[in-house]
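Numbering (this note's numbering), first residue to last: 313 to 659. Glycine included, every Cβ here is placed at the ideal spot set by N, Cα and C. As the structure is a prediction and not an experimental result, all values here were calculated from the model. Written below as structure tokens is the structure these notes are about.
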Ligand SMILES: [Zn+2]
Ligand SMILES: [Zn+2]
């Protein structure tokens, strides 16, 4: 089968590989019916993911159909449509039992798919710990509706959850890229008093305005002033930072009111400075880290009930054979791209 592969720094390409086989008793083989490209794939391509293994098939956002299951896979059956979780987790270790699956102690635990083990920009993928790593897609939910469940939508859901949003809150979300958009729609599930999205790209600001007219949208230059104007100078009750620049990190704590929760979802290229003397008395709570993507069943239920819809984020569609073109578009942010759906060539 054709597998889009991390060959070397700066170089992804198709490699012919055999169809994956079951290795462990709780593995499953999934035939991929749709996948996507994530910013983390670009980080691998650019050589900035130290753990990424050369020669692995890339891709960790996907849905598909269960083709084969090992004898210990109890929660799934052949032919079932499933969303694949970006994180591999055993479900039994110290961290998994507490819901902190990103830190699963299993050797394959955490983000392994499309990074340390073969991922999904291909035709078939082996999923370790399939009982926890695959979630059945409810009838009536399409592949496009379910596509982001295991990765960016899980991230947005987790970010909104750990931000402890209450109905009185003014929530500021910094960054309206794909993960920022997912954080936005998951924040909406908590019904805060007001949501403000800060984004530097004018096309992305327009995209948010067109989809969610009830959300206030500002540029970074106007953000602090705007937040102060709507909060009696207090600042935002909750800040979710998804943009990942030095400026956006600074804006996140500056825009927060005293005693706010500041949730850092973004990945940064370099360390950030917390000027604690300037913050003294502000009593902020910072939450940082990588998603614990263990709410996929709840997310799929919310999709099936119409509370979550990420399909407007799919702005482009490509067959697998033309995935290099899709990467070029995504990497250079051409043509207003937000997310791309990759489908098998036979479709
Ligand atoms: Zn991702
Ligand atoms: Zn575990």
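Quick one: is residue 491 buried, meaning 16 or more other Cβ sit within 10 Å of its Cβ, or exposed?
Residue numbering aside, residue 491 sits at position 179 when the chain shown is read from its first letter. Counting the other Cβ atoms within 10 Å of the Cβ of residue 491 gives 16 or more, which makes it buried.
So, for residue 313: in the same chain, excluding its five sequence neighbours on each side, which residues have a beta-carbon less than 8 angstroms away from its beta-carbon?
Within the chain shown, the letter at position 1 stands for residue 313. Within the same chain, 328, 329, 330, 331, 434, 435 and 436 come within 8 angstroms of residue 313 by CB-CB distance, once the 5 residues on both sides are set aside.
Quick one: what's got a C-beta closer than 8 angstroms to residue 648's C-beta in the same chain, skipping five residues either side?
Counting from 1 along the chain shown, the entry for residue 648 is found at position 336. Residues 515, 519 and 627 of the same chain have their beta carbon placed closer than 8 angstroms to that of residue 648, with the five preceding and five following residues left out of the count.
Just to check my reading of the structure: residue 319 and residue 366 have Cβ atoms closer than 8 angstroms, yes? What is that Cβ distance to the nearest angstrom?
Position 7 of the chain shown holds residue 319. Position 54 of the chain shown holds residue 366. The Cβ separation is near 7 angstroms, so the contact holds.
Considering only C-alpha positions, which residue in the set 625, 382 and 412 is nearest to residue 404?
For this step, residue 404 is matched to residue 92 along the chain shown. Of all alpha-carbon atoms in 625, 382 and 412, the one lying nearest the alpha-carbon of residue 404 is that of 412.
Nearest to residue 401 by alpha carbon, out of 363, 582, 438 and 442?
Start at 1 with the first residue of the chain shown, and residue 401 comes out as number 89. Closest by alpha carbon: 442.
Counting only the same chain and skipping the five closest in sequence on each side, list residues whose C-beta sits under 8 angstroms from that of residue 472.
By one-based count along the chain shown, residue 472 stands at place 160. Close CB contacts of residue 472 within its chain, under the 8 angstroms cut and outside five residues either way in sequence, are with 495, 498, 499, 501, 502 and 552 (chain order).
Taking 8 angstroms as the cut-off, does the segment 616 to 623 touch the segment 382 to 397 (at least 3 CB pairs, one atom from each stretch)?
Contact between the segment 382 to 397 and the segment 616 to 623 is not established, with fewer than three Cβ pairs separated by less than 8 angstroms.
C-alpha gap between residue 333 and residue 438, whole angstroms
Counting from 1 along the chain shown, the entry for residue 333 is found at position 21. Counting from 1 along the chain shown, the entry for residue 438 is found at position 126. Rounded to whole angstroms, residue 333 to residue 438 spans 7 angstroms at the Cα level.
For residue 634 and residue 346, I'd like the C-alpha separation in whole angstroms.
The residue labelled residue 634 in the question sits at position 322 within the chain shown. The residue labelled residue 346 in the question sits at position 34 within the chain shown. Each residue's alpha carbon lies about 14 angstroms from the other.
Contact check, residue 517 vs residue 529 under 8 angstroms by CB: the rounded distance?
Here residue 517 corresponds to residue number 205 of the chain shown, with the count starting at 1. Here residue 529 corresponds to residue number 217 of the chain shown, with the count starting at 1. Between residue 529 and residue 517 the Cβ distance is about 5 angstroms, and since that is below 8 angstroms, they are a contact.
At least three beta-carbon pairs within less than 8 angstroms, the segment 373 to 388 to the segment 416 to 424:
No: fewer than three Cβ pairs fall under 8 angstroms.
Reference residue 566; option with closest CA among 393, 609, 536 and 452
For the purposes of this step, residue 566 is taken as residue 254 along the chain shown, with counting starting at 1. With distances taken between CA atoms, residue 566 lies nearest to 536 out of 393, 609, 536 and 452.
Distance CB(residue 608)-CB(residue 466) smaller than 8 angstroms:
Counted from its first residue, the chain shown places residue 608 at position 296. Counted from its first residue, the chain shown places residue 466 at position 154. Yes. Within cutoff.
Report the three-state DSSP secondary structure of residue 534 (helix, strand or coil).
Position 222 of the chain shown, counted from the first residue, corresponds to residue 534. Look at residue 534 here: in three-state DSSP terms it is helix.
Between residue 440 and residue 463, what straight-line distance do the alpha-carbon atoms span, to the nearest angstrom?
Sequence index remark: in the chain shown, residue 440 carries index 128 (1-based). Sequence index remark: in the chain shown, residue 463 carries index 151 (1-based). Those two C-alpha atoms are separated by around 16 angstroms.
For a test of the three-state rule: what should DSSP assign to residue 478, helix, strand or coil?
Position 166 of the chain shown holds residue 478. DSSP places residue 478 in the coil class of the three-state scheme, outside both helix and strand.
For residue 327, is the beta carbon positioned less than 7 angstroms from some heavy atom of ligand 1?
In the chain shown, counting from the first residue as 1, residue 327 sits at position 15. False, no ligand heavy atom lies under 7 angstroms from that Cβ.
Helix, strand or coil for residue 353, going by three-state DSSP, please let me know.
As a working note, residue 353 is residue 41 in the chain shown. It is helical.
Whole angstroms is fine: what's the gap from residue 650's alpha carbon to residue 479's?
In the chain shown, the residue the question calls residue 650 occupies position 338. In the chain shown, the residue the question calls residue 479 occupies position 167. Roughly 29 angstroms separates the two Cα atoms.
Buried versus exposed, by CB contacts within 10 Å (16 or more), residue 410
Stepping through the chain shown from its first residue, residue 410 is reached at position 98. Looking at its Cβ environment, which holds fewer than 16 other Cβ atoms inside 10 Å, residue 410 is exposed.
Rounded separation between residue 591 and residue 425 - CA only:
By one-based count along the chain shown, residue 591 stands at place 279. By one-based count along the chain shown, residue 425 stands at place 113. If you take the alpha carbons of residue 591 and residue 425, they lie about 39 angstroms apart.
Among 453, 512 and 485, which residue has its Cα nearest to the Cα of residue 533?
For the purposes of this step, residue 533 is taken as residue 221 along the chain shown, with counting starting at 1. The residue with the shortest Cα to Cα distance from residue 533 is 512.
Helix, strand or coil, according to DSSP, for residue 636 in the structure here?
Counting from one through the chain shown, the residue named residue 636 turns up at place 324. Helix, per DSSP.
DSSP-derived helix/strand/coil call for residue 608:
For the purposes of this step, residue 608 is identified with residue 296 of the chain shown, where counting begins at 1. Residue 608 carries a helical assignment under DSSP once its states are collapsed to helix, strand and coil.
Decide if residue 257 is buried, meaning its Cβ has at least 16 other Cβ atoms within 10 Å, or exposed.
Shown here, the chain extends from 313 to 659; a query on residue 257 therefore has no answer.
Cβ shell of residue 623 (< 7 angstroms), same chain only, five flanking positions each side left out:
Position 311 of the chain shown, counting from 1, holds the residue named residue 623. Taken in chain order, the residues that qualify are 456 and 457.
Report yes if the C-beta distance between residue 372 and residue 427 is below 8 angstroms; otherwise report no.
The residue given as residue 372 occupies position 60 in the chain shown. The residue given as residue 427 occupies position 115 in the chain shown. Contact flag set, yes.
With which residues is residue 438 paired in a DSSP beta bridge?
The count along the chain shown starts at 1 and reaches residue 438 at position 126. DSSP, once it has assigned bridges, lists 341 as partnering residue 438.
Counting C-beta neighbours from all protein chains within 10 Å, is the total for residue 560 16 or more, i.e. buried, or is it exposed?
Taking the chain shown and counting its residues from 1, the one referred to as residue 560 is at position 248. With 16 or more Cβ atoms within 10 Å of its Cβ, residue 560 is classed as buried.
Could you please give the first and the last residue of the uninterrupted beta strand (DSSP E) stretch that includes residue 506?
Here residue 506 corresponds to residue number 194 of the chain shown, with the count starting at 1. Membership of residue 506 in the beta strand (DSSP E) is indicated by the continuous run 506 to 510.
For a test of your reading of the model: does the CB of residue 350 fall under 7 angstroms from any non-hydrogen atom of ligand 1? Yes or no.
Locating residue 350 in the chain shown gives position 38, where the first residue counts as 1. The answer is yes for residue 350.
Considering only heavy atoms of ligand 2, does any lie closer than 7 angstroms to the CB of residue 418?
Your numbering for residue 418 matches position 106 in the chain shown. True, at least one ligand heavy atom lies under 7 angstroms from that Cβ.
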